[in-house]
Amino acid sequence: MLKRLFICLLAAAVLLCTLPSTVLAASTLYGDVDNNGTVDDWDSVTLSRFLANWSNITLEQTNSDVDGDGNINDWDSILLARYLANWDIILGPEEFEITINGAAIENFVIVTPENATLYEQYAAVVLKDHLEDHYGVILNIVSDTQAESNYELLIGNTNRAASKAHSNVSMGEMQYYLCAETSGSDVKIVMLGNNIMVGGATSALVNNYIEANRGNVTIPSGDSAQVETFTFLPAKNAIIMIGDGMGINHVELGEHGFTAGFNMEEEIDGDFVGKYFTAVGECTTLNASGEITDSAAAATALSSGYKTNNYRVGCDVNGTPHQNIFDLAKTQQAKAAIITTDIATGATPSGFTVHVEDRNDTEEIQRQHDLLDLDYFAADVGDELQAKTREALRNISTGDSFYMMVEEGMIDKAADSEDTPSRERAANVGKYVVRLHNCAAYVTEFVLMNPDTILIITADHETGMYGYRYNENIDLHIFYSLDGTSHTNRNVPVYALGAGTEIFDGTTTDNVLIGRFMAAVWGAEDFNADVPTTVTEQPAA
Numbered sequence: 147m148l149k150r151l152f153i154c155l156l157a158a159a160v161l162l163c164t165l166p167s168t169v170l171a172a173s174t175l176y177g178d179v180d181n182n183g184t185v186d187d188w189d190s191v192t193l194s195r196f197l198a199n200w201s202n203i204t205l206e207q208t209n210s211d212v213d214g215d216g217n218i219n220d221w222d223s224i225l226l227a228r229y230l231a232n233w234d235i236i237l238g239p240e241e242f243e244i245t246i247n248g249a250a251i252e253n254f255v256i257v258t259p260e261n262a263t264l265y266e267q268y269a270a271v272v273l274k275d276h277l278e279d280h281y282g283v284i285l286n287i288v289s290d291t292q293a294e295s296n297y298e299l300l301i302g303n304t305n306r307a308a309s310k311a312h313s314n315v316s317m318g319e320m321q322y323y324l325c326a327e328t329s330g331s332d333v334k335i336v337m338l339g340n341n342i343m344v345g346g347a348t349s350a351l352v353n354n355y356i357e358a359n360r361g362n363v364t365i366p367s368g369d370s371a372q373v374e375t376f377t378f379l380p381a382k383n384a385i386i387m388i389g390d391g392m393g394i395n396h397v398e399l400g401e402h403g404f405t406a407g408f409n410m411e412e413e414i415d416g417d418f419v420g421k422y423f424t425a426v427g428e429c430t431t432l433n434a435s436g437e438i439t440d441s442a443a444a445a446t447a448l449s450s451g452y453k454t455n456n457y458r459v460g461c462d463v464n465g466t467p468h469q470n471i472f473d474l475a476k477t478q479q480a481k482a483a484i485i486t487t488d489i490a491t492g493a494t495p496s497g498f499t500v501h502v503e504d505r506n507d508t509e510e511i512q513r514q515h516d517l518l519d520l521d522y523f524a525a526d527v528g529d530e531l532q533a534k535t536r537e538a539l540r541n542i543s544t545g546d547s548f549y550m551m552v553e554e555g556m557i558d559k560a561a562d563s564e565d566t567p568s569r570e571r572a573a574n575v576g577k578y579v580v581r582l583h584n585c586a587a588y589v590t591e592f593v594l595m596n597p598d599t600i601l602i603i604t605a606d607h608e609t610g611m612y613g614y615r616y617n618e619n620i621d622l623h624i625f626y627s628l629d630g631t632s633h634t635n636r637n638v639p640v641y642a643l644g645a646g647t648e649i650f651d652g653t654t655t656d657n658v659l660i661g662r663f664m665a666a667v668w669g670a671e672d673f674n675a676d677v678p679t680t681v682t683e684q685p686a687a
């Protein structure tokens, strides 16, 4: 009897060991990090804390490997957060092989037009980076001047027959078009959109199809494909880009300065990128005393949501430090990056990171900088602004959430140069506005690929009392002049993209409200709204 029982148990054990792994994994609840039988927000918090090296955090190892690739890493945290945010995502190891309309994704190349727009170029770069960073798939980007291949991801108005077949599709603002053209074994994926919205199509390919299905992806054919309106998700990331000293007319110079005859190498092709955003407005910039602000007080308002006096960096009018958004985001394990063309201890980058009573106390600013828990910091980057921003975003976007400030600090310095003739100053101002635009175009395409991100482009103040006027007596009909070299009380532009940013559209807001809006991404409504903005008398000694 005992012998027969032993033989049965041995046979059962052998059978169990030879069952397919999918049967063994049938009871696995991917995402149930704490192994309590449900997948909920606490699982996301627990996984984030584990990845941030909190002590005494225990996980159910199999469940915590959310994508089932054998590793527990930041991508598992991202997938779980998106699943809990109601993205159409399947948890588990179904994504190890991706096909698009029957063709393995590794067989595709990314094709852009010979004379690609900046948005087409960057949509291709962002798509390439995303596929590599999140799926380990490395695709080449080629021009449509190269020989046609069997499997192509066509971005924008390429010369391929598949693109031309849909070139007459009519799309409105924030709309895109994504379809497949197949012939025999050939597969061509057409992605179209006006201006920035070509990135809406590449985003849909990744988020609506690859990410949602984790396996066999079928893009609608030309007969059934439709124009779609892009939708942002509730924000968990925030990016602010600052043109130091950039007024509304500075933007106009970036768009038309070369045509107007200024000694600029290039001007913006079309409109400044922010003009294609869903929200375009203006911002007031005065300091706590109602006077013209400096960069320190303005950076504090934008980074912390309260007014202060000039020279204060992360401190109120009494010199008291208060939490900024960087501090807030870090309490929730967000990654953070600061990039500037200014020096590391400049007023703007310092206003987003440290707390010092006087912006000129560079020794204390540097001391605090050395203690910061920044995931990426780059200063004095010059013409590498876009490249460093790309590098930073690839670094910080692998976490659960992220916060980034990017500053083009040279617009202010160019406009404030008293010893430079006005036409030369104008050319320099235009050059740096173009540099900001080029970087912002990349960031915009990145945000579309990551639709749970908000992006705001603005300025800390206007510099130079810049003028723009039409002149019938000159052929070019455009004339710019700098009537001064100092900061002014003029409003500055606000361009916003992402969930909830419609509150900035067509309105004049104040810089502290931008700071509070961004802080709300991490749950802090009315952030620092109670910070005093008048000097409190100290009691007598």
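Counting from 1 along the sequence shown, just add 146 to a position and that's the residue number in our numbering.
Cβ atoms here follow ideal geometry from the backbone N, Cα and C, with glycine treated the same way.
Here the structure is a predicted model, which means the values were calculated and not measured.
Keeping to the same chain, check which residues put their C-beta closer than 6 angstroms to that of residue i; ignore five residues upstream and five downstream.
i, result
"G403", "M410, E413 and G576"
"G339", "Y322, G346 and A347"
"D507", "none"
"W668", "L474, A475 and Q478"
"E510", "V502"
"F196", "I203 and L205"
"A670", "L474"
"A269", "I301, V344, G345, T348 and E591"
"N305", "D290"
"I342", "Y265, Y422 and T590"
"F523", "I484"
For residue i, is the classification buried or exposed, using 16 other Cβ atoms within 10 angstroms of its Cβ as the cut-off for buried?
i, result
"S632", "exposed"
"Q372", "exposed"
"L273", "buried"
"A172", "Reliability fails at A172, whose pLDDT of 36 lies under 50, so the model's placement of it is uncertain and the value that follows must be treated cautiously. Looking at its Cβ environment, which holds fewer than 16 other Cβ atoms inside 10 Å, A172 is exposed."
"V397", "buried"
"N182", "exposed"
"Q292", "exposed"
"E243", "exposed"
"A250", "exposed"
Quick one: what's got a C-beta closer than 7 angstroms to residue i's C-beta in the same chain, skipping five residues either side?
i, result
"L264", "D415, N584 and A587"
"D275", "R540"
"V455", "Checking the sequence shown, residue 455 turns out to be Asn, not Val. Contacts found: N433, A434, S435, A443 and V463."
"G644", "F378, A381, V593, T599, I600 and L601"
"Y578", "E554, M556, I557 and A560"
"E252", "V283"
"L285", "F254, V255, I256, K274 and L277"
"D189", "G177, D178, V179, D180 and L226"
Name the DSSP beta bridge partners of residue i, please?
i, result
"I603", "M387 and Y641"
"Q321", "T375"
"N362", "T245"
"H633", "T609"
"A482", "Y549"
"L338", "Y323"
"E298", "V255 and K334"
"E428", "P639 and T654"
"E401", "According to DSSP, which records beta bridges pairwise, E401 is partnered with nothing at all."
Residue i and residue j look like a contact to me (Cβ under 8 angstroms); what is the Cβ gap, rounded to whole Å?
i, j, result
"T654", "N637", "6 angstroms"
"A665", "L399", "Going by Cβ atoms, the distance from A665 to L399 rounds to 32 angstroms, so no, they are not a contact pair."
"A115", "G497", "Because the chain spans 147 through 687 in this model, residue 115 falls outside it and cannot be assessed."
"L518", "T487", "The Cβ separation is near 19 angstroms, so there is no contact."
Excluding the 5 residues preceding and the 5 following residue i in the sequence, name in chain order all residues of the same chain whose CB lies nearer than 8 angstroms to its CB.
i, result
"T174", "T208, N209 and G238"
"T679", "A434, Y452, K453, T454, D462 and V463"
"I691", "Since the first residue shown for the chain is 147 and the last is 687, residue 691 is missing from the structure and cannot be characterised."
"T168", "For T168, the pLDDT reaches just 26, beneath the cut-off of 50, and the residue's location in the model is therefore unreliable, leaving the point undetermined."
"N359", "I236"
"V589", "I385, M387, T535, L539, V552 and L601"
"V459", "A442, A445, T446, A493, S496, G497, V500, H501, V502, E503, D504, R505 and I511"
Check whether the Cβ of residue i lies closer than 8 angstroms to any Cβ atom in chain C.
i, result
"A270", "In the structure shown, chain C cannot be found, because there is only a single protein chain."
Worksheet item: Would you say the stretch 382-399 touches the stretch 551-560, given that touching needs at least three Cβ pairs under 8 angstroms?
Response: Look at the beta carbons and you see the stretch 382-399 touching the stretch 551-560: at least three pairs across the two are nearer than 8 angstroms.
Discussion item. Counting beta carbon pairs with one atom in the stretch 467-486 and one in the stretch 361-371, are three or more of them shorter than 8 angstroms?
Written reply: no
Worksheet item: Just checking, does the stretch 307-314 make contact with the stretch 278-289 on the three C-beta pairs under 8 angstroms criterion?
Response: no
Worksheet item: Does the stretch 327-337 come within contact of the stretch 289-301, defined as at least 3 CB pairs closer than 8 angstroms?
Response: Result yes; three or more Cβ-Cβ pairs closer than 8 angstroms.
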